[in-house]
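Protein chains in written order, with my numbering: chain A, 1 to 214; chain B, 215 to 570.
No residue lacks a Cβ here, since even glycine has one placed at the ideal position from N, Cα and C.
Data block below; observations after.
So this is what it looks like as structure tokens:
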């Protein structure tokens, strides 16, 4: 095989490779942008006279970066859809922010860095949001306090059972909050404070809905 | 200390190793300096607070994970760019790719799930060494799903099966059901996938959806079990507090002396019915379950099958009979106290552990 035939064969093999990449996303509703960008790459190589011309076109039209953007976009759109569906409003922030900026990207490392920065920033918000899990432990404690405060006991024990023990529990809970929960949250966000209005809303509506979801 | 691998495990170790890796590859430049700066700060914080959850929070709060990782990606990307520019033709690139897979196999040997993780790498190497060209190799990797396999999807299936087995052996029915559903979703996506195994991103979304669906069920299961566990405990303690063995029992023993122990017993006798009733009220308020419902409830049956109800059948019968007497200011009848003593003597009612 002479050099020209060998180049032709190599060109054909790359055409088949890009076709396989395009096929991977064909008819997959999760990846419409990726399919289109892979198709652009496939069309480019198919219509190039050789690999070099294809390389030049990829460079000129920034096809490789556009391809990366398409994948990021598809994944962000899929995450957006899921988090809207399951009402995960904090997790939803990352795909929304990614979708806001992704079309303005021109370079691969810019894409990597901006996506990482968003994911990192939102992951901190998620960590803070997860502090609401504290609510589950708090409910256990509130339940104990309620049991002790309302228990019908002889007069001799009223002070101990209905007052001292619940107060001890409240003090322990307050210490735990001030010495553990709050410092941990404020290490992630210096001015973090519990949103008590939100807590009331959660306690009255969302938590009931949460328990009634099944 | 910078870049040296130390004994013990720390969250910073991973970053030290990554730093060491690029040092060995003779990295330099602005991105490398940023890596170094981020690692320096990580080590400063590690020295201040030690290796614990607080360190992770501080590293996250100062964005050090992201600063380091971004710089690291840039360093690797620059290295790859230089390497790509220096190679002539894709055959050399092909050889470098295969050499990288060979190195990965060596690194994985002896690690968790190494068998499943190494298999796709071996398949890729076998394909790469079969005499085909680089573009054909790349195409076949796509078509045979070897790239997906590299993402660890084969291990994912093994891990889910492991989770199902674990749930079964630990009598965790809802966790088992949830993981079974995840496995079915994995297999469904596999069967639909053009190039098997399934797309890991799509699978991760589907898994998250299933886990979200089960979250309230798991929470309700846990809280129901916790509540009736407490109720059983109050009832047993109440009857046992009247027995002759109570003063020697660890539940009431007080290091300060017998007078305090006796006071503890008195408190249980006089206060447990009121505490029990208050808890029973909450149990009904939250779950619309009564005392009788406990013993036929799926959570109770499951805990019993799992051997996690720490009371013998005799003790449970005793508890059930005691219920009608467990009212504030009331005492259990002597017959039940005698029965509790008999059970204790046989040690069949001994509580060795407490899960509630």
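Any Cβ of chain B closer than 8 Å to the Cβ of residue 84(A) would place that residue at the interface, and such an atom is absent. Within chain A, the C-beta atoms nearer than 9 Å to that of residue 542(B) come from 151, 152, 153 and 154, in chain order.
Take residue 44(A), set aside five residues on each side of it, and the residues of its chain with a beta-carbon closer than 8 Å to its own are 54, 57, 58, 61 and 63, in chain order.
The segment 434 to 445 of chain B makes contact with the segment 498 to 518 of chain B: 3 or more CB pairs, one atom from each, lie closer than 8 Å.
Chain order gives no chain A residues near residue 230(B), where near means a beta carbon separation below 7 Å; the closest approach is about 20 Å.
Cβ contact annotation for residue 269(B) (same chain, cutoff 7 Å, sequence separation greater than five): 225, 259, 260 and 263, in chain order. A straight line joining the alpha-carbon of residue 296(B) with that of residue 99(A) spans about 31 Å.
When only Cα atoms are considered, residue 548(B) and residue 480(B) end up about 17 Å apart.
DSSP places residue 355(B) in the uninterrupted alpha helix (DSSP H) bounded by 348 to 357. Taking 7 Å as the upper bound on Cβ-Cβ separation, chain B lies near residues 109, 112 and 113 of the segment 102 to 113 of chain A.
In the DSSP assignment, residue 303(B) falls within the alpha helix (DSSP H) that extends over 303 to 322. Residue 249(B) sits buried, since 16 or more C-beta atoms from the chains shown fall within 10 Å of its C-beta.
With respect to the C-alpha of residue 95(A), the residue from 82(A), 48(A) and 15(A) having the closest C-alpha is 82(A). Counting along the chain, residue 326(B) sits inside no alpha helix (DSSP H), nor does DSSP assign it H or E at all. At a beta-carbon threshold of 7 Å, the residues of chain A lying near residue 426(B) are 86, ordered along the chain.
Close to residue 274(B), with beta-carbon spacing below 9 Å, are these residues of chain A in chain order: 120, 123, 124, 127, 187 and 188.
Residues of chain B with a Cβ closer than 9 Å to the Cβ of residue 161(A) are, in chain order, 481, 485, 488 and 489. For a cut-off of 8 Å, the C-beta gap from residue 139(A) to residue 185(A) is around 19 Å, too long to register as a contact. Around the beta-carbon of residue 538(B), fewer than 16 other beta-carbon atoms lie within 10 Å, marking it exposed.
The alpha carbon of residue 555(B) has as its nearest neighbour, out of 462(B), 493(B) and 511(B), the alpha carbon of 462(B). Secondary structure of residue 440(B) (DSSP, three-state): helix. When secondary structure is reduced to three states using DSSP, residue 10(A) falls in the helix class.
For residue 75(A), the chain B residues whose Cβ falls inside 7 Å of its Cβ are 415, in order along the chain. Within the segment 338 to 364 of chain B, 347, 349, 350, 352, 353, 356 and 357 place their CB atoms closer than 7 Å to a CB of chain A, listed in sequence order. When CB distances to chain B are screened at a threshold of 7 Å, the residues of the segment 17 to 30 of chain A falling below it are 17, 20, 21, 23, 24 and 30, in chain order.
In the DSSP annotation of this structure, the continuous segment of the alpha helix (DSSP H) that includes residue 536(B) starts and ends at 527 to 536. Assignment of residue 258(B) by DSSP, reduced to helix, strand and coil, places it in the helix class. Each of 425(B), 451(B) and 519(B) was checked against the Cα of residue 391(B), and the nearest Cα belongs to 425(B). Here residue 163(A) is exposed, its C-beta having fewer than 16 other C-beta atoms within 10 Å. In the same chain as residue 516(B), and ignoring 5 residues on each side of it, the C-beta atoms closer than 8 Å to its own belong to 385 and 387, in chain order. Think of a sphere of 9 Å around the beta carbon of residue 492(B): the chain A residues whose beta carbon falls inside it are 146, 147, 148, 149, 150, 151 and 152, in chain order. For the pair of segments examined, the segment 396 to 408 of chain B was found to touch the segment 371 to 384 of chain B: the number of CB pairs separated by less than 8 Å reaches three.
In the pairwise beta carbon analysis, the segment 265 to 285 of chain B is classified as touching the segment 180 to 195 of chain A: at least three pairs are separated by under 8 Å. A contact between stretches requires three or more CB pairs, one per stretch, nearer than 8 Å, and the segment 276 to 293 of chain B fails this requirement with the segment 307 to 319 of chain B. The Cβ atoms of residue 319(B) and residue 330(B) do not sit closer than 8 Å to each other. Taking 8 Å as the cut-off, the Cβ atoms of residue 122(A) and residue 87(A) do not count as close.
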